[in-house]
Structures are given as structure tokens and as C-alpha cells.
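Residue numbers (UniProt numbering): 1 to 342.
Here is the structure we will look at, set down as C-alpha cells.
Put into C-alpha cells, the structure is as follows:
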């Protein structure tokens, strides 16, 4: 596979040109996902004239788009016939990792928010709110298509970390003798359902907004998960332990502390808090952490954080961090306990 953003180029100007023009290829992938081109190749002959005709596309432009996707390692060409590579198959709807949904979000929502970056960097206001006139979670809450892509992307993210995260959480739960775990802001419940399957001895709860729970209640209950609805800015169900997966990075510090304090009110002094987040800084900084930090600035006003920033944040909510371990290429599991428990 060729690396479009090659770091092996000898001249720094070449490396910078690749970085500057990276937006072109990002948009190419987004349009390919929107137009269903990956599915068209997967189920058809892979020949450009046929795909162009069936999808009302310009043949020469489509050929050049396919050549661009091949440069990214998503397609391969054999005598004018294109097929999906192993990486390309990850762009199919329903594939592991939810990347098709992520590409759609970038193409339809995130790209416009980033167009407002100058205003964001001058004012600190999220580019999404500037562009669309409402916060991103308001859009997700009222627009079914956006919600479907958002849920698919978040579910895919959970798929990438669930195996290692579940094993680490279950190990700690058993060691502490905990009997219940609540996934706060857990979306469609992929992570907590995975834990319920692996560790059926405990009570597993999923907590999210009413419209989110309504959409997944039957599915998670079939997995033995108790579904609860509400807002983590008001209260959180009581449990021996709570897990928040990629929740805090959506919010600035004051809102994150508010969430954590509500979680703390739902625990006793023996409780454990699990946080799945990217962590900035150090030799083990996860892949994509810096770019995701900027994306949170533009989309939500949230942020990724360093270990020191997590320590400070959690201390203000009554917790102490006891350990941190990587659970994927881009995520860490922070384990915290109520202050005074260590």
C-alpha cells in the first residue's frame, strides 16, 4: 500500500505538501462512502463503465477517483477491474470499526465545522455551533440520519476497544468484589453488552438519554443489560462501579467535573470508576490523539487531556487515579477510586 502522507520523503517541502493536500483525499473517501462506491465495487463487476452508468456518474471522473482510492490502499486494480483491499472492506456499511459512518460524519458535518476554524481559534466557540447554529448533540438528538451515523461511528469505536477494555474492567471488578456496573453515556450499549456476556455474574446497566435508550432497549435487554434513561447532568444510577467511554472528551472541564460529581453521588466509598479516553503526552501518546483533540475543540468545545489534567479533573470531583493502561492503538483505561480509598 502506498502511503499518501509519506514521512519517508527526503525533502521537508514534499512532506509538508502531502500534509497540506491531505484534505483532498479525506474528501475523496467521504464522497465514496456517501455515493455507495465501496458497496458498488463489492457487489458488482468492479468495472468503471458499469458502475458509472448504474450510478449516473461521469466515467473518466470515476476512474480517477478509483485510482485515488487505490493510492490510499483501499482499492486494487487488475486489468481495468477494481476490487476492495482488506482496508477497503473496512469502509463497507456494517464493517468492524464503523468507519463508513465516520466518513459520512466527516463529509456531511465535520468538514463544515472545520471551515469555521478561524473563528474557533479567535473565540474558542465550537466551529460546529458557528456553522450550524446549534451544538452537535442538539443536531444528533433531532436528526435521525445524523443520529444513525453518529451511533454507528461510536459503536464502531467501541468495537475497536471492547475486547481489551472489557478484560481489564472485569479483572478489576472481580478483584474488588463489585456486583454491578453502569455504563454512563454508553450509546447503543456495545461495550456493556460485551461485558455482560463475558461476566454474567454482575448486574450491568446502560444509561443514556431517553431517545438513545428507546432505540436500543430491546437489543440490550436481550443481552441481559438493564436499560435506564436520563441525563448525566442531573443524576446517574447507583452502582458499585461506573464506566464512561469517550464521554469526558466531549466536554470542557466544568461540564466534565459536573458529570463526574453526579457519578460520584451514585457510588459509595468502595466504588471504582473506569474511564476510556485518549491521553495526551508522554511516549505512549495514542495514535490520532492530537488531531482528535483539535476535532473536539471544533465540534464540541471539549478536549483530550494529559495524565496531569485527568488527575486534576478527577480530584475536583472527589477521585484519585490509581492506574492507566493502553487498551488499543488510540485509547487508555484510567481506573480511579474515591479519594481516601487508596
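Idealized CB from N, CA, C, for every residue including glycine.
Query	Result
Cutoff 8 angstroms; reference residue 229; Cβ partners in own chain excluding five residues on either side	207, 208, 209, 210, 212, 213 and 214
Residues bridged to residue 199 (per DSSP)	Answer by DSSP bridge pairing: none, since residue 199 is not bridged.
Through-space distance from residue 327 to residue 185, alpha-carbon basis	19 angstroms
Start-to-end residues for the beta strand (DSSP E) that takes in residue 321	319-326
C-beta contact flag for residue 298 and residue 127 at 8 angstroms	yes
Other residues of its chain near residue 105: CB distance less than 7 angstroms, five sequence neighbours each side excluded	149, 150 and 153
C-beta atoms of residue 85 and residue 75 nearer than 8 angstroms	yes
Separation of residue 177 from residue 255, as counted between CA atoms	31 angstroms
Entirely enclosed alpha helix (DSSP H) segments - the stretch 292-322, minimum 4 residues	307-316
Own chain residues within Cβ distance below 6 angstroms of residue 1, not counting five before or after	Low confidence applies here, because residue 1 scores a pLDDT of 42, under 50, leaving its location unreliable; read the following figure in that light. Only 73 meet the Cβ criterion.
Residue 258 versus residue 71: straight-line alpha-carbon distance, rounded	46 angstroms
Touching by the beta-carbon criterion (3+ pairs, under 8 angstroms), the stretch 42-49 and the stretch 12-29	no
Buried or exposed by the 16-neighbour rule on C-beta atoms within 10 Å, applied to residue 87	exposed
Contact belief for residue 170 with residue 195 at Cβ below 8 angstroms, rounded distance in angstroms	6 angstroms
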